[in-house]
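Those protein sequence lines, which keep their order, are chains A and B.
To convert, note that position 170 of the first sequence is 170 in the working numbering; the numbers rise steadily by one, no gaps.
Each number in the working numbering comes from the position in the second sequence (counting from 1) with 430 added on.
Just so you know, even glycine gets a beta-carbon here, dropped at the ideal spot from N, CA and C.
Let me begin by presenting the structure, written as C-alpha cells, before commenting on it.
Number of protein chains: 2
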Amino acid sequence: MIMSRDNTAETTIENVSSYMHELGVQARFASTALAKIDTGIKNHALNAIADAILANREQLLAANEQDLNAGQANGLAAPLLDRLELTEQRIAAMADGARQIAALPDPVGEINQLIKRPSGLQIGRMRVPLGVIGIIYESRPNVTLDAAALCLKSGNATILRGGSEAIHSNRAIATCIQKGLAEAGLPAQAVQLVGTTDREAVSVLLGMHATVDVIIPRGGKGLIERISRDARVPVIKHLDGICHVYIDEFADLDKAVNVAVNAKTYRYGICGAMETLLVSAEVASKVLPRLADRFREEKVELRGCDQTKKILPQIAEATEEDWATEYLAPILSIKVVDTLDAAMTHISIYGSQHTDCIVTENMSAARAFMQQVDSSSVMVNTPTCFADGYEYGLGAEIGISTDKLHVRGPVGLEGLTTQKYIVISEGVTR
Amino acid sequence: MIMSRDNTAETTIENVSSYMHELGVQARFASTALAKIDTGIKNHALNAIADAILANREQLLAANEQDLNAGQANGLAAPLLDRLELTEQRIAAMADGARQIAALPDPVGEINQLIKRPSGLQIGRMRVPLGVIGIIYESRPNVTLDAAALCLKSGNATILRGGSEAIHSNRAIATCIQKGLAEAGLPAQAVQLVGTTDREAVSVLLGMHATVDVIIPRGGKGLIERISRDARVPVIKHLDGICHVYIDEFADLDKAVNVAVNAKTYRYGICGAMETLLVSAEVASKVLPRLADRFREEKVELRGCDQTKKILPQIAEATEEDWATEYLAPILSIKVVDTLDAAMTHISIYGSQHTDCIVTENMSAARAFMQQVDSSSVMVNTPTCFADGYEYGLGAEIGISTDKLHVRGPVGLEGLTTQKYIVISEGVTR
Chain A
1 MIMSRDNTAE TTIENVSSYM HELGVQARFA STALAKIDTG IKNHALNAIA
51 DAILANREQL LAANEQDLNA GQANGLAAPL LDRLELTEQR IAAMADGARQ
101 IAALPDPVGE INQLIKRPSG LQIGRMRVPL GVIGIIYESR PNVTLDAAAL
151 CLKSGNATIL RGGSEAIHSN RAIATCIQKG LAEAGLPAQA VQLVGTTDRE
201 AVSVLLGMHA TVDVIIPRGG KGLIERISRD ARVPVIKHLD GICHVYIDEF
251 ADLDKAVNVA VNAKTYRYGI CGAMETLLVS AEVASKVLPR LADRFREEKV
301 ELRGCDQTKK ILPQIAEATE EDWATEYLAP ILSIKVVDTL DAAMTHISIY
351 GSQHTDCIVT ENMSAARAFM QQVDSSSVMV NTPTCFADGY EYGLGAEIGI
401 STDKLHVRGP VGLEGLTTQK YIVISEGVTR
Chain B
431 MIMSRDNTAE TTIENVSSYM HELGVQARFA STALAKIDTG IKNHALNAIA
481 DAILANREQL LAANEQDLNA GQANGLAAPL LDRLELTEQR IAAMADGARQ
531 IAALPDPVGE INQLIKRPSG LQIGRMRVPL GVIGIIYESR PNVTLDAAAL
581 CLKSGNATIL RGGSEAIHSN RAIATCIQKG LAEAGLPAQA VQLVGTTDRE
631 AVSVLLGMHA TVDVIIPRGG KGLIERISRD ARVPVIKHLD GICHVYIDEF
681 ADLDKAVNVA VNAKTYRYGI CGAMETLLVS AEVASKVLPR LADRFREEKV
731 ELRGCDQTKK ILPQIAEATE EDWATEYLAP ILSIKVVDTL DAAMTHISIY
781 GSQHTDCIVT ENMSAARAFM QQVDSSSVMV NTPTCFADGY EYGLGAEIGI
831 STDKLHVRGP VGLEGLTTQK YIVISEGVTR
C-alpha cells in the first residue's frame, strides 16, 4: 500500500512526475473506497467540512492575506486580486455550499429501470462515479471547496490543482477538507491538493490516463484551450458563451424588451450573458427604439448592422469581429435579420453553442428554433442569463459544458457520474 | 455552397488535406439538414438502401471479387480474407440490418420530462444527433452499411474510412447508399466514403475537430490505440475484453458450470468471451473437476494457478501474462481465490473494465459485485457472452464502449445522440 503524504503543508518536491503519478495511484485507491460508501457518510463528511471551514475562519483569512500580499507585490491586476480574496462572507458562502451539496440527492447507485428481455435477462443501468477527477483552476480559492464537495458527493476522488497565486488559501481550505474527511472516516486521499506550484505538475496530470478519468478545467478560455489541446485524459470543457437573443416577427414586444435587457444586464461577466441581439426586420422599427432607450439607461454601448443603424443612427457600426466576440462587458451587437432561418444561420456561424433564445409567440417558430439551434441550452422567451445549474435545479454546478459528448450545459452531480449495465438472470445461456 | 463530389468512383486526389476538410464541411452542412428531418424520411432512405443492396447484388459481388483477388495477390491472411468476403448471405444480412434499423424507434427529439422550476422556467432535455461522426474501420465491408445506417437513423452525417483492402466493395456499397439517400430526397453528403486509400486521410480526419464531433474506430486493439493517441476529435473507444466469471462460495454449481462453459465457448473470438475463471476456494474442489470435464469435451486448453493445479494436476500452469491476456481462442486461465474481495481485486488489476460476472445465490455478494466491479457490464449468473447490443435490446450496436464518459458498454442509437437543455417561460427575468 502506498504511504500517504501530507499535501496541505509546504513541501519540496524533487521529482514532479513521480509525485504526480503517486497522487494518481492514491486517488485511484481512494476512488474504489468512495464508490461503495453510503450517502450518509459522504454527507457527514460534507457537513464536517463546512464546520471546519467556519471554525477555521481566522486561519483561512490569514492564509489568504499571505496570498493577497504576494499578489499585490507581484502586481496582480485588481480583478484577479478580487477573485483571490476571501472575506467572512465568502467563507460563509463556501460552508453553505458544502451543506447544500450534502442536502442534494445522491445520484450514485440509482437504477432507472430493469427491463426484461425475451432471453430471460434482466437489464438496467446503474449510475456510478466516474472515478478520479482532476480539476485545474485559476485563482478563485472557493473552487477548491466547491469542486471537492461536488466530486465527493458524486463518489469521485479528486486531484485539485489551483493557481499558484492562491496556494496558501488553497492549503488552508484543504486542511479543513481533511478534517471533515477524517471525521467521517473517509480516506485522506479522497481529496488531494497538488502540493507544488511547479507548472510541470499540470503537464503530468494531463497525461495520467491510467489513473485519472476526466479533467475539468475551470478558468479563462486560454487555460481551457491549452488543456484541451494537451490532454490525453478526457476533458469536460467550458469554452466561451457567445449567446444570442432573437426577437422573432411574432414576438410579444413587451416580453422581448424585458428578456433582451435582462439577458444583457443581469450580470455582464457571466457566460450566459447575451452578446448579440438578432431582430426580425418585421418588428425592428418598433422594438429597437424601445430597446435603445432601455440600454441607454443601463449604459450599454450598442453596435449595429447597417439596417439597425437606419433605425438607430446614433449607434456605432458593428464589424465582422463584433459578431464573433464574447464581450463580457456592457457592449451589445445588434443585427436585423429577414427570417428565422437567417437568425439561425447567424447563430450557427458566430455562436459558441452555449445558450441561445428566441422570443416568439409562434409555436412553429419556437419548435424549429429549439430543434435546429445546436446549442447546449435553447430557450424560448427566457433570458440567456438563466443558463445556470442552480436555476436548472441541479442544486450546484461544476461548470457549463460546451462539449457535446457525455454532458452538455450546466454540469451537476449527474454529470460527474456514468452508467454501467447490470445484467441479471438465473443462469441462462446463449 | 460547396459542390458535391462523387466519392463512389475512382478519383485521384492531389491534396488529401483539403479534400478531407471539404468532406468535413459538406458533412457539417448535411448534418444540419439531417437534424431536422422526420423519422419517416430517414426510414424511407434506410429501406431504399436495403432495396438497392439487394438489387445490386451482382455488382457488389463483382466489386468484392476485385478486392479478394487483390488481397490474395498481396498475401492477405486467411482470416482477413474471410472478413473481406461478401457472399449472397452476407449481402442479404446487410440489407436486413438496414431494415431492422429502420424499424427501431427514433431517439431524436425525445424529451423525457419538462420540470417546472420555482422561477417559472420549464426545463427539460431534448435528445439530438451528435452531428458528424467519423468511422474508421478495417477490412469488413459490411461495416460500411451498418455504420451508415445507424448514424443516419440517429440523424448524424457520416464520414466513412474503410480499410484499403475493401475499397472496391466499399465503393459499391456506397453507391447503393447514395441511391437510397437520393430516393428519400436526402443530401448525398449525409454519408460520405473517403475516396482515397492514402493513409494521410486518417491523420487529417483525426484532427478535424471543427467539423467532426466524434470518431468511432472499429477494428483491432492496435488501430484503436493509435487513433485514441493521435485524435484531437473525441473518440468512442472499444478496447479489449478480458472478461471474468467468478464462481462464488454461495454459487449454485449447476448454474456455475453452465454459465462458465457458455461464457467461454459460445464464440471464442468475441470481446465478451470469458478469458479468466475465478473460483472460490470453498467450492473449487467440487466444481473444478466438473468444469475440467466439460472443457475437455469442448477442447478448451486450461491454465491454472497453484491451487487450481492441486485439484487439476494435468493442466498447464498460468503465468502472470495469462491473467492479462485476451486469448480470443479456446484457452482459459483459472485462479482460485479466497474471498469475494480477492476476486474483485484480481478483476480490478487484470480486467479491462468490459464485462464481468459473479455466479452466486447470495444477495449481498451479488450487490457488492455489481456495485464495486468497475466494468461496463456487471452480470449475475449470466454468461459474459451476452454483452451485446442486440441481447440488451438496443436493436443494433455500433460497438461496445470501454470508455467511461458519454457511453459505456454496447452503443446503439442513443449512444450516437446527445441531449440539450430546452428552457421555456413566459418572459420571466432574473
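Exercise. Using a Cβ-Cβ cut-off of 6 Å (strictly less than) and excluding sequence neighbours within five positions of Ile567/B, which residues of its own chain qualify?
Worked result: Before going on, a small fix: residue 567/B reads as Tyr here, not Ile. Answer for Tyr567/B: Val573, Gly592, Arg648 and Gly649, listed in chain order.
> Between Glu165/A, Ile41/A, Glu321/A and Leu60/A, which lies nearest to Asn74/A when the distance is taken from Cα to Cα?
Replying inline: Glu165/A
- Throw me the rounded Cβ distance for the Thr39/A and Asp82/A pair, which I believe falls under 8 Å. With 8 Å as the limit, Thr39/A and Asp82/A do not qualify as a contact, their Cβ atoms being about 36 Å apart.
**Asked** So who's on the other strand from Ala746/B, going by DSSP bridges?
**Response** Arg733/B
- Whole-number beta carbon distance between Leu416/A and Ser31/A, since they are thought to touch under 8 Å: Contact doesn't hold; Cβ gap of about 12 Å is too wide.
Please state whether the Cβ-Cβ distance between Thr402/A and Leu239/A is less than 8 Å.
yes
6 Å CB neighbourhood of Arg814/B in its chain, flanking five on each side removed: The sequence given here places Thr at residue 814/B; Arg does not occur at that position. Here the set comprises Cys673, Ala693, Gly702, Met704, Thr785 and Cys787.
Given this structure, state the Cα-to-Cα distance separating Ala413/B from Ala759/B, to the nearest angstrom. In the structure as shown, chain B begins at 431 and stops at 860. Residue 413/B is therefore absent and cannot be evaluated.
Backbone secondary structure at Glu727/B - three-state DSSP
helix
Rounded to the nearest angstrom, what separates Leu732/B and Ala690/B at their Cα positions?
13 Å
- Would you kindly work out how many angstroms separate the C-alpha atoms of Val766/B and Asp723/B, rounded to a whole number? 18 Å
Rounded to whole angstroms, what is the Cα-Cα separation between Tyr350/A and Ala324/A?
5 Å
Problem - Cβ-based contacts, 8 Å cut-off: residues of the region 798–815 of chain B near chain A - result: Ala798, Met800, Gln801, Gln802, Asp804, Ser805, Ser806, Ser807, Val808, Met809, Val810, Asn811, Thr812, Pro813 and Cys815
ask   = In its own chain, which residues sit with a C-beta less than 8 Å from the C-beta of Gly853/B, not counting the 5 before and 5 after it?
value = Per the sequence presented here, residue 853/B reads as Val, with Gly not at that position. Contacts found: Leu551, Gln552 and Ile553.
I'd like to know if the region 744–753 of chain B and the region 638–647 of chain B are in contact, where contact means that at least 3 CB-CB pairs between them fall below 8 Å.
no
### Exposed unless 16 or more other CB atoms sit within 10 angstroms - verdict on Asn542/B
exposed
*For Ile334/A, which option in Ala148/A, Leu223/A, Ser119/A and Ile315/A has the closest C-alpha, if you only look at C-alpha atoms?*
Ile315/A
- prompt: For Leu453/B versus Lys404/A, is the C-beta distance shorter than 8 Å?
  reply: no
For Ile133/A and Gly195/A, the rounded distance between their alpha carbons: 17 Å
Can you pull the chain A residues whose beta carbon is under 8 Å from the beta carbon of Lys685/B, in chain order?
Glu426 and Gly427
Sequence-distant residues of the same chain with beta carbon closer than 8 Å to Ile57/A, five excluded per side = Inspection of the sequence shows that residue 57/A is occupied by Arg rather than by Ile. So the list reads Glu88 and Ile91, once near-sequence residues are dropped.
Original post:
Run through DSSP, which three-state label would Thr208/A get?
Top reply: One point to set straight first is that residue 208/A is Met, not Thr, in the sequence displayed. The answer is coil: DSSP assigns Met208/A none of H, G, I, E or B.
Notebook entry, point to check: With a Cβ-Cβ cutoff of 8 Å, do Ile565/B and Ile479/B count as a contact?
Noted result: no
**Report entry** Beta-carbon proximity list for Ala231/A, same chain, < 7 Å, skipping 5 on both sides
**Finding:** Leu206 and Ile215
Quiz item: What is the DSSP secondary structure of Gly395/A, counted as helix, strand or coil?
Solution: coil
ask   = What are the residues that DSSP puts in a beta bridge with Pro129/A?
value = Thr417/A
Euclidean distance between Cα positions of Asn381/A and His346/A: 19 Å
Does the pairing of the region 482–497 of chain B with the region 598–609 of chain B give three or more beta-carbon distances under 8 Å?
-> yes
With a threshold of 8 Å between beta carbons, is Ser119/A in contact with chain B?
yes
Inset, instruction - Report yes or no: is there a C-beta of chain A within less than 8 Å of the C-beta of Tyr851/B? - result: yes
Pull out every residue of the region 534–564 of chain B whose Cβ sits closer than 8 Å to any Cβ of chain A, in chain order.
Gly539, Ile545, Arg547, Ser549, Leu551, Ile553, Met556, Val558, Leu560 and Gly561
- Give, in chain order, every residue of the region 820–836 of chain B whose Cβ lies closer than 9 Å to some Cβ of chain A. Glu821, Tyr822, Gly823, Asp833, Lys834, Leu835 and His836
- Task: Assign Leu835/B to one of three DSSP states: helix, strand, or coil.
- Result: coil
Point to revise | Residues near Lys685/B in its chain [Cβ-Cβ closer than 8 Å; skip 5 each side] | key: Val789 and Asn811
Task: Proximity test, Cβ basis, 8 Å: Asn688/B and chain A - done: yes
Using 10 angstroms around the beta-carbon of Ser448/B, count the other beta-carbons present and answer buried if the total reaches 16, otherwise exposed.
exposed
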